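Here is the structure we will look at.
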Amino acid sequence: MSDQSNAKSPPKRSFLQSLEIDLRLLGMIGAFLAVCLVFNLLTDGRFLTPRNIFNLSIQTVSVAIMATGMVFVIVTRHIDLSVGALLATCTAVMGMMQTSWLPNILGLELGHPLIPWITIIAGLLIGALIGAAQGWLIGYHGIPAFIVTLGGLLIWRNVGWHLTDGATIGPLDKTFILFGGINGTLGATWSWIVGIAAAAISLFFIWSGRKTKIQHGFPVKPMWAEFTVMALITGAILGFVATLNAYTVPTRVIARNPALFSCESAEGCVAAYGIPYSVLVLIAVAIVMTVIALRTRLGRYIFATGGNPDAAELSGINTRFLTVKIFAMVGVLCALAGIIASARLGYHTNDIGTLDELRVIAAAVIGGTALSGGVGTIYGAIIGALIMQSLQSGMAMVGVDAPYQNIVVGAVLVLAVWIDIQYRKRLGGKS
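FYI, the working numbering numbers position 400 of the sequence shown as 400, with every residue one higher than the one before it.
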């Protein structure tokens, strides 16, 4: 027999193995699609309409933004129960800045072009300072994060109430409100431009990544698998844009200001909302947080600390200061989420962000962030937030009362943790 007959043939790979798609990601996408299909049947096709998908996207943004920061917190074996209350304090500050403090202290008239930007900077600074203070108590004084942030939940919710004397603050600045979603969108043309550019950039990075692997002698996917992944990503991006562009502006809205939609009158004028600004903010946050997680020293330190805190400290990582950085980052993200949430409402209300801490933690955990630390993804948290919002929106459309909605959300959270534990046990058994 020849040597060739004795040589072992390479192991056959399944379709999914050839694509090298993360099974956990595939499972989350499958769960999301299953939720959408079920509620679409229960609502006689109203759930998967362009209008509802548009609303679903802008409703998900604020929780998803905070969930990206919660990933880093949980990865380092901490927890943050104060994010909803911190959001409320930041929105209270920003609401008072716009309606009272800047006009009275600096003499800026309502509608002045500087008001929204000074407000946003102030909100982000307040979020960073509060987050850093909580991180300092946790990192340098050894107070458990659960206790510090539980105290923060009570403190910051009521600080926000005190700043506004319990009143609803608004209406907010017109430019500020654009970040809420419904009042601030790209329109059909710019949405297509952004969508095509995003697809092209995605394809470029996939192809350049393949070339880099080849140059360094690493194995790569078969060409058919590479093109399949490219096609799926391109289809998802352009399909999302097409769906949002299919949601047209009502005639009564166009009639208020036809020139805004490049029309002389509302009659015969057709305009699409397109991609909301708030969704663009979420995409930007997702990109930045993913780069931090995968491409920076800070990200490596975060995951190393979560994997083994003692070993990380012995290797020279300043885990105390790292904790301050992480909680300051979460504070900034809470303020950013507060901008989106209050802009969407057009007002600051004292119940804004209520129970958001639970939704954010649930989104991170459903997205695959391990409570034992060391494991988590940014995209997983965003998909987790989308699943949570889909459940709540679907139940609301079906007519399920709010208490029962919370029961379902709680059950899903427990189920997600159980599935995660079982998944990791199987992986441990295989290794």
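Every residue gets a Cβ at the ideal spot worked out from N, C-alpha and C, and that includes glycine.
Here the structure is a predicted model, which is why all the values come from computation and not from measurement.
Candidates 331, 21, 31, 56, of which the one nearest residue 278 by Cα: 56
Let me know the secondary structure DSSP gives residue 402 once reduced to three states. helix
Considering only residues of the segment 174-249, which uninterrupted alpha helix (DSSP H) runs meet the minimum length of 4 residues and lie entirely inside it, listed in chain order? 174-177, 187-215, 223-245
Which value, in whole angstroms, describes the spacing of the CA atoms of residue 375 and residue 144? 20 Å
Cα separation between residue 275 and residue 191? The C-alpha of residue 275 lies about 6 Å from the C-alpha of residue 191.
Determine contact between the segment 66-76 and the segment 314-331, defined as no fewer than three beta-carbon pairs at a distance below 8 Å. yes
Between the C-alpha atoms of residue 248 and residue 311, what's the straight-line distance to the nearest angstrom? 56 Å
Count the other CB atoms within 10 Å of the CB of residue 156; is the residue buried (16 or more) or exposed (fewer)? By the 10 Å Cβ count, residue 156 comes out buried.
For residue 413 and residue 65, what's the separation of their Cα atoms in angstroms? 19 Å
Provide the residue span of the alpha helix (DSSP H) that contains residue 20, from first to last. It is not in any alpha helix (DSSP H) - residue 20 carries neither H nor E in the DSSP assignment.
For residue 1, which residues in the same chain have their Cβ closer than 7 Å to its Cβ, ignoring the five residues on either side in sequence? Residue placement at residue 1 cannot be trusted, given a pLDDT of 46 that sits under 50; what the coordinates show is reported in the next sentence. Counting only residues of its own chain and dropping the five nearest sequence neighbours on each side, residue 1 has no CB closer than 7 Å to any other CB.
Taking just the CA atoms, how far does residue 42 sit from residue 393? Looking at the two C-alpha atoms, the distance is approximately 12 Å.
Alpha carbons only, please: which of 377, 396, 382 is nearest the one belonging to residue 75? 377
If you draw a straight line from the C-alpha of residue 32 to the C-alpha of residue 239, how long is it? Pairing residue 32 with residue 239, the inter-Cα distance amounts to about 16 Å.
I need the DSSP call for residue 385, collapsed to helix, strand or coil. It is helical.
Would you list the one or two residues that DSSP bridges to residue 169? Looking at the DSSP output, residue 169 sits in a beta bridge with 348.
Is residue 343 buried or exposed, if buried means 16 or more other CB atoms sit within 10 Å of its CB? buried
Run through DSSP, which three-state label would residue 116 get? helix
What separation, rounded to the nearest whole angstrom, lies between the Cα atoms of residue 314 and residue 140? 17 Å
Starting from the C-beta of residue 266, find all residues in its chain whose C-beta is less than 7 Å away, skip the five residues before and the five after it, and write them out in chain order. 251, 254, 255, 258
Per DSSP, residue 272 forms a beta bridge with which residues? Looking at the DSSP output, residue 272 sits in a beta bridge with 248.
Here's the rule I'm using: 16 or more other beta-carbon atoms within 10 Å means buried, otherwise exposed. How should residue 223 be labelled? Exposure of residue 223 is indicated by the presence of fewer than 16 other C-beta atoms within 10 angstroms of its C-beta.
Assign residue 104 to one of two classes, buried (16 or more other C-beta atoms within 10 Å of its C-beta) or exposed (fewer than that). With fewer than 16 other Cβ atoms within 10 Å, it is exposed.
Secondary structure at residue 420, three-state DSSP: helix, strand or coil? helix
Identify whether residue 317 lies in helix, strand or coil by the three-state DSSP scheme. Three-state DSSP puts residue 317 in coil, outside helix and strand.
Do residue 98 and residue 172 have their CB atoms nearer than 8 Å? Cβ atoms of residue 98 and residue 172: closer than 8 Å.
Between the CA atoms of residue 384 and residue 415 - distance to the nearest angstrom: 13 Å
Quick check: what's the CA-CA separation for residue 195 versus residue 137? 43 Å
Proximity below 8 Å, CB of residue 179 to CB of residue 53: no
Every unbroken beta strand (DSSP E) inside the segment 39-94 [3 residues or more]: none
Considering only C-alpha positions, which residue in the set 212, 59, 170 is nearest to residue 346? 170
The segment 278-290 contacting the segment 357-370, beta-carbon criterion three pairs below 8 Å: Because the criterion of three Cβ pairs below 8 Å is not met, the segment 278-290 and the segment 357-370 do not touch.
C-alpha distance - residue 373 paired with residue 381, whole-angstrom precision: 15 Å
Residue span of the alpha helix (DSSP H) that contains residue 377, given as start and end: Element bounds for residue 377: n/a, residue is neither H nor E.
Rounded Cβ spacing between residue 117 and residue 350 (contact assumed at less than 8 Å): About 25 Å separates the two Cβ atoms, so there is no contact after all.
How many angstroms separate the CA atom of residue 400 from the CA atom of residue 86? 29 Å
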